[in-house]
Structures are given as C-alpha cells and as structure tokens.
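Here is the structure we will look at, set down as structure tokens.
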Amino acid sequence: MANGDNVARTGAIEALLVEQRRFPPPPEFREQARVKDRTPWEEAERDFQAFWAKHAEAELHWFRKWDQVLEWNAPWAKWFIGGQLNVCYNCVDRHAQSWRRTKAAIVWEGEPGDSRVLTYQDLHREVQRFANVLKSLGVQRGDRVSIYMGMVPELPIAMLACARIGAPHSVVFGGFSSDALRDRIQDAGAKLLITQDGAWRRGSIVPLKQLADRALAECPTVEKVVVLRRIGATAGAQMVEGRDFWWDELMADAAPTCPAEALDSEHPLYILYTSGTTGKPKGILHTTGGYLLGVHLTSKWVFDLKDEDYYWCTADIGWVTGHSYIVYGPLSNGATSVMYEGAPDWPEKDRYWQIVEKYRINVLYTSPTFIRTAMKWGTEWPAKHDLSSLRLLGTVGEPINPEAWMWYHEHIGHGRCPIVDTWWQTETGMIMITPLPGVVTTKPGSATIPFPGVQAEVVDEEGNPCPPNAGGFLVLTRPWPAMLRTFWGDPDRYVQTYWSRFPGRYFTGDGARKDEDGYFWITGRVDDVVNVAGHRLSNIEIESTLVAHPAVAEAAVIGRSDPVKGQAISAFVVLKAGFRPSEQLRDELREWVADKISPIARPSDIFFTADLPKTRSAKIMRRLLRDIAEGRVLGDTTTLTDPAVLEEIKRQYEETE
Ligand code: ATP
Ligand code: MG
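218 is the number that our numbering gives to position 221 of the sequence shown; each next residue is one higher, with no gaps.
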C-alpha cells in the first residue's frame, strides 16, 4: 500500500489489491499466433510514425498515397495527409474482388431464431444499391445521416453505404428513448434518418419507427426517412407521405453499381456519442485513414484473426465497440463477423453459449458486465454446450474483476484460451492497452501493456509519472491514428475535456496504476474514486474483492458523504443464484473486505439488490447510486438500460433508511 504521506502529497489513489496469478500464452497458441514476439513494439519504439506508415501501406488500399504521415499541433492531429482512400472499399470491395467473394462477411442470428449469411459479394451488392438510395434521397458528401436501428444486417450495410459516399453517419443505439435520439439528431444536424418498423428485444417489440416519429417532430433538419421492415404489420409504423420510404421499395428501384469515392484521409467517417456514464454524452468525431488503420491492425493482432475464424463480438453496434470491432475492423480484415440481434437471456440464459456452439465460434469478445451476469446465472448454462471451438476470449467496457476473469477462463475458456482484456474508449477509436495473445503473459484484472505504437503513462496531480504501483491518472502521451479529432461542433469542449488537465497529454478520465512489470491496472473512473479519511481508494478494487466472495456476483461501490470520514463506503451487492440476503452475510462481507484488502476499505453499509443500474453499453452507473445514497434528485438517466432497476433500488433504499 502506498504510504499516507505520499498519498496526501500527490492525491494518488492507493492500490490495495495484489494479484499474483500469471498466465503465459499457451505454447500451441503462440505457435500459430499472428504476432509471436516483441518485434512490433521494438519497431514502433524506434520510430512510431514509420511503424504506422508501414502497416498503412501494407494493410490498406489507397487511391492515393499520403504525402505526410502525421501533423501534430497538439491537440489537433492529422494522419496520412494527402492520402485518399475509402473505408467501404477497404471493408467490402477489395474482398469481393478476391477469393473472399464467396466467404461469409456477416453471419447474423435473429432473436426469434432466424438467421442470414451475407458473403462479401452479397455485401458488395447491397452496399452499392443502398449508397444509390442515399444519393437518390439527396444525401451528398459531408451530409450527416442518423441511424436508429436494431442489430440487423442492414445496419452495417447502411453504415458502409454512408462511408462509400462520404456521408458521416451517427448511429444511435436502438434501445434509446425518443428524447435521446432527438438530442443526437439535433446535435449532428442530420439530413436523413434510417430506422426500422420495430426491433426484437427479449421477445417483445421495440417500436423504433414510432419512437423516431416522436423525435422527428423536433428535428427540422431531417428531410427524409428510410424505414426497414423487420417486424411487419404488428409494429404499427405510420408512414409520412413524401418523407418516409420503405427500405425494400427503394432498394428494388436502385441502380446496382455505385463507385466508392476517393476521400481525403481526414474526411469525417462518423460521429458517435459516448455512453454518458459520467454525464452528458459527447459527440466524438472519427475520420477515415487513421481510424481504419487503427481498427484494422488491432483487430488483426489482438483477436489474432484468421480467415477460417468465426469471430463474434457481442456488443451492440450502437456503441463504439460495435463500430470498430463488429463492422470496420473485422470487415477490413476480410473476417467473418457474427452478429446477434437480441438479448443474452432469450429464450433462456444460455443463448450466447448456444450461439457459440451453433456457429462454432473461435474468438469471442464480450463485456465484464455480461460475464458477471453469467456468473450470477450459474455455471450450468455454459456447461450445457460444447464450447470447444473457442480459442481466444476478449473483454471490454469496464475493469474486469480478477474473479470474473478466472470464471471466464475456467467456465468458458476451459483453461485453454488466452484472455485479452482491452482498455479503450469511444474517443480512442481503437484498442489501446491490451495483451497480444501470443506474446504477453496475462494477469487477471490487468489490461497489461499498450498496443505497439501507443504510449500511456500514470501520473499524479502535478503530471509527474507515478512510481510503480502508486495509483494516479491514466494519460496518453503520444498521438495515435484512430484518435478522435474533436467533438462534433464543439472544439473548445474537446480541448477542455481532454487536453487542459495535463497540457500536451490526453487525459482519459480513468485512474490506473502501473506495476513493476509495466502492466497497467485500470482502477476505474477518477470520478468514482472513494475518499475515506484522507485515503483515496479505488472503487474497483473494493468491488473486485466483494466479487471474489463466493456469494457475490456483482458489486458497485460508491463514496457517500459522511460528516466524520469525508466519505463513507456504500456497497450495492448482487448475490449469485442460491444465496439470500441476511444480516450475517452483510457482516461477513464487511469483514471480508477489511480482511482481504484493508480495514479502511470496510464498507459502512451493504445494500443487497437484484440488479445494478447500467448504461446501454453495459457499464455500472455509480453516479446514480451516489445520488440515491445522498438523497439527491437523480441525474441524467437517459442512457440507462432499464430505469426500473434504479427506481426499485431507490424505493428499497429509502425504505431501509
Ligand atoms: P462517458 O465518457 O460519456 O461518461 P463512457 O466513458 O462510459 O461514457 P465509453 O467510451 O463507451 O463511454 O467507455 C470508455 C470507458 O470504459 C473507459 O474510459 C473506461 O472507464 C471503461 N473501460 C473500457 N474498457 C475497459 C477495460 N478493459 N478496463 C477498464 N476499464 C475499461
Ligand atoms: Mg468516457
């Protein structure tokens, strides 16, 4: 533990949890891996621009080569200046013109059990037609297109068609409310909206078109609306004459060929709003060349993608993981990307494992939240299925608790599959801190080391590097190709949010510590740090300790204001199936934390709950739990998965007060 004086001086976050387990890459894995040794890191450290340029040249198709690799006027970056390329061409045409023409590009599983396969040739045909549809509705290069759809193949088709003609898309998660959609359409100033009649979710219909209509009443910039039929008559979509058009009817009339436009490397590719875990979502702008290179190379190396793989990322395309690692990264590599429409517990709690078995998935990328939920449901669900096809597992979205990592390793990977814990953000566009699975020995709970070419550091309040194991602020100290370029329409906020805290360095908003091997341990968002009697503690470490108790599946820890200690620790705990809340268990858990990490981390109170409030992108929203614990009016809840969960916690919490 860092000593108290040191903490007081630097405001650092104390590191309490020590993890000793080590998992070197299995020899069979290493032998076949795309990256087998440290060469990429060595090359990148010799000259990081030359490193990125080498792969941009070898891996991507350019209509015109760049004149200059990077122009860096901090915090403004331009990559591959003068270069011209097209993201859709890279993701579709070049494969449709190769032997991959007949290979599955997208393998789709509908929630009701229907399925579709699109080869690269199919995708090429659909994307060209839809690009012509966009043009026929007046969409031109630079116009923004909002997309509000469920997880259907037409969603990536729409995105790729936008990229083909240089119209930046803004995908809004299909689970969002009309208000959330309205705010995002207005912010992006979209000219066109693409939606669908309805989407399947847990056996019922989300009436997307109706929700969209409500939003559109306040979105004067939107001139036309394209509506996909997914559900049919029951969704009750009302079409507005002259404004709304059915997808299938437009496609039937569309011309079959549409060339991919040669776009400037810095041409805007998309705007995507962050999850809103900490507050109002930010419209992140990603551009063409650097972004594509970043997601291409990370997909290839982190997921060790091979042509024969079935690769499945369970994220929703409505958030950045889906953009980068369902659509752009895998397709640029000519991979087979699996897409699932619905809920993980529909019709039963083994749906994911059933999909793994059905398609013989090789690489699975999911979230710690899902893993903890699966832990709560119990091992009998994965045990029913043949998971022997899996060779590599990944996680993203939150720090993974070491015990959740171990559960994933044992019950899903059967001890055989390396796990890549990937740290990154909407803003970074690409995976930034991660093991490469054939090279890096993993430690449960650590995202390990920066991807080749990426430079990260842990610094104290003054911006000085922290000594090993002292917690501080995670910053990125060098530009990277897939970095956000700005906030859409708000450059000042871009500078303010990321570049003013530590000038010249990108401030991530996350806390971390670096151990003696140079491994990064993300300690959570700096806003979530708990301050007890002068000790700054990582909520994640306390949560991980709770999750390590046999009765606990999930935990959220917050600091609630306390007249004596500054803050007191409140823990919200979800038990595994088969365990019941009791006074005895409450005391046991408090002692468990005191014992395993430190008496200063002992929760003042433990509150048992059936679920935790989560964002649509599977993150625990601790700020709302803080609002409840401190008796405040709830903050922005628009990005919650299920507001009812929060209401229930609030009701129970107030009852026990
Ligand atoms: P907002 O910025 O609007 O509050 P958000 O940060 O939740 O929303 P995202 O960009 O989707 O939006 O999430 C990025 C954040 O997720 C990271 O900053 C980090 O806190 C967390 N995260 C992602 N992957 C990991 C990981 N492997 N380990 C630890 N934390 C992670
Ligand atoms: Mg964020």
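Where a beta carbon is used, it is the ideal one built from N, C-alpha and C, also for glycine. Computed from a predicted structure; not experimentally measured.
By the Cβ-count criterion, V630 is exposed, with fewer than 16 other Cβ atoms from all chains shown falling within 10 Å of its own Cβ. Relative to ligand 1, the beta carbon of K440 is positioned no closer than 7 angstroms to any heavy atom. Judged by DSSP in its simplified three-state form, Y516 adopts coil rather than helix or strand. As for any alpha helix (DSSP H) of minimum length 4 sitting wholly inside the stretch 22 to 89, the runs are 24 to 29, 36 to 43 and 45 to 56, ordered along the chain. Within the same chain, and ignoring the five residues on either side of R126 in sequence, the residues whose Cβ sits closer than 7 angstroms to its Cβ are M248, A251 and P253.
Pairwise C-beta distances place the stretch 97 to 106 in contact with the stretch 318 to 334, as three or more of them are shorter than 8 angstroms. For D507, the enclosing beta strand (DSSP E) starts and ends at Y503 to K511.
Ranked by how close their Cα comes to the Cα of L389, the residues T439, E106 and E11 have T439 in first place. From the listed residues D301, P462, L643 and R577, the smallest Cα separation to A9 is found for P462. A distance below 6 angstroms between beta-carbons, with the five flanking residues on each side excluded, links E40 to the following residues of its chain, in chain order: F48. Contiguous alpha helix (DSSP H) elements confined to the stretch 319 to 398 occur at 326 to 329, 348 to 356, 365 to 374 and 377 to 380, taking only those with 4 or more residues. DSSP, reduced to helix, strand and coil, places I281 within a strand of the structure shown. Its chain contains I78 and G79 as the residues whose beta carbon lies nearer than 7 angstroms to that of Q65, once the 5 sequence neighbours on both sides are disregarded; these appear in chain order.
Take A93, set aside five residues on each side of it, and the residues of its chain with a beta-carbon closer than 6 angstroms to its own are Y117, Q118 and H121, in chain order. Counting every other CB atom within 10 Å of its CB across the protein chains shown gives V136 a total of 16 or more, marking it as buried. If the five residues before and after R240 are omitted, its C-beta is found closer than 7 angstroms to the C-beta atoms of K221 and V222, all from its own chain and listed in chain order. Under the DSSP assignment, K132 falls outside any beta strand (DSSP E), being part of the alpha helix (DSSP H) whose first and last residues are Y117 to S133. The C-beta separation of A553 from E538 comes to about 13 angstroms, leaving the pair out of contact by the 8 angstroms criterion. Comparing alpha carbon positions, the residue from G501, T494 and V523 closest to G508 is V523. Around W316, the same chain offers S614 as residues with beta carbons nearer than 6 angstroms, after the five sequence neighbours per side are excluded.
Per the coordinates, the alpha-carbon of G195 lies some 10 angstroms from the alpha-carbon of S201. Excluding the 5 residues flanking it on each side, P578 has same chain C-beta neighbours closer than 6 angstroms at F605, in chain order. Between P150 and R198, the CB-CB gap reaches or exceeds 8 angstroms. Cβ contact annotation for L481 (same chain, cutoff 7 angstroms, sequence separation greater than five): I281, L282, H283, E424 and G426, in chain order. Within the stretch 203 to 286, the complete alpha helix (DSSP H) segments at least 4 residues long are 205 to 213 and 244 to 250, listed from N- to C-terminus.
Across the set P165, M148, G107 and T285, the C-alpha of P165 shows the shortest separation from the C-alpha of A128.
Relative to ligand 2, the beta carbon of Q493 is positioned no closer than 7 angstroms to any heavy atom.
DSSP places Y650 inside the alpha helix (DSSP H), whose first and last residues are P640 to T653.
With a cut-off of 7 angstroms, the C-beta of G506 is classified as near ligand 2, since at least one heavy atom of the ligand falls inside that distance. Straight across, the Cα-Cα distance linking V219 with T483 is about 24 angstroms. Per DSSP, reduced to three states, the secondary structure at W105 is strand.
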